[in-house]
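**Student:** The following block contains the structure, expressed as structure tokens.
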Amino acid sequence: MTEGVKFRVLETALAPGDCLLLYTDGVTEAMNPAGDLYSDERLRQIVAHRPGFTPEQIINQIMSDVRTHAGEADQSDDITMLAIRYCGPVQAGENG
Numbered sequence: 095m096t097e098g099v100k101f102r103v104l105e106t107a108l109a110p111g112d113c114l115l116l117y118t119d120g121v122t123e124a125m126n127p128a129g130d131l132y133s134d135e136r137l138r139q140i141v142a143h144r145p146g147f148t149p150e151q152i153i154n155q156i157m158s159d160v161r162t163h164a165g166e167a168d169q170s171d172d173i174t175m176l177a178i179r180y181c182g183p184v185q186a187g188e189n190g
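Per this note's numbering, residue 95 is the first one in the sequence shown, and the count goes up by one each step.
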């Protein structure tokens, strides 16, 4: 962690089947040739319209859409994403 920097701590409950997407600002700040950002709203729309997709499919769809948005524009930031699907608590006797 960076010394002296304060972060907000948030908690949320995930239900079995929920998908958690973590990403860097390089996703939402990807620019097209006109200088328009990809945006949080566009990312939300991509994720919201794919409820049955696997985490891998969600990331592939986002990357495809970011590439389409960016076109040939040079990017100045990295794009990193991690998607995790919560399967629910491990039942007694199950191997995790």
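Cβ coordinates follow ideal geometry from the N, Cα and C atoms, glycine included.
Quick caveat: nothing in here was measured; it's all calculated off a predicted structure.
Nearest-angstrom Cα distance between A177 and V141?
**Tutor:** Along the sequence shown, one-based indexing puts residue 177 at 83. Along the sequence shown, one-based indexing puts residue 141 at 47. Straight-line Cα distance between these residues: approximately 11 Å.
**Student:** When we look at the beta-carbon of V184 and count the other beta-carbons within 10 Å, is it buried (16 or more) or exposed?
**Tutor:** Residue mapping note: residue 184 aligns to position 90 of the sequence shown, counting from 1. By the neighbour-count rule (16 or more Cβ atoms within 10 Å), V184 is not buried but exposed.
**Student:** Are the stretch 100-112 and the stretch 165-177 touching by the rule of at least three beta carbon pairs closer than 8 Å?
**Tutor:** These segments do not touch.
**Student:** Indicate the three-state DSSP secondary structure (helix, strand or coil) for R144 in the structure shown.
**Tutor:** By one-based count along the sequence shown, residue 144 stands at place 50. DSSP places R144 in coil when its eight states are reduced to three.
**Student:** Going by DSSP, what residue range makes up the beta strand (DSSP E) through A177?
**Tutor:** Stepping through the sequence shown from its first residue, residue 177 is reached at position 83. Per DSSP, A177 belongs to the beta strand (DSSP E) from 175-179.
**Student:** How long is the line joining the alpha carbons of L131 and F147, rounded to whole angstroms?
**Tutor:** Sequence index remark: in the sequence shown, residue 131 carries index 37 (1-based). Sequence index remark: in the sequence shown, residue 147 carries index 53 (1-based). Cα to Cα, L131 sits roughly 25 Å from F147.
**Student:** Taking DSSP's pairing of strands, which residues face L114 in a bridge?
**Tutor:** In the sequence shown, residue 114 corresponds to position 20, counting from 1. Paired residue(s): I178.
**Student:** Just how far apart, CA to CA, sit E105 and L116?
**Tutor:** Counting from 1 along the sequence shown, the entry for residue 105 is found at position 11. Counting from 1 along the sequence shown, the entry for residue 116 is found at position 22. Looking at the two C-alpha atoms, the distance is approximately 14 Å.
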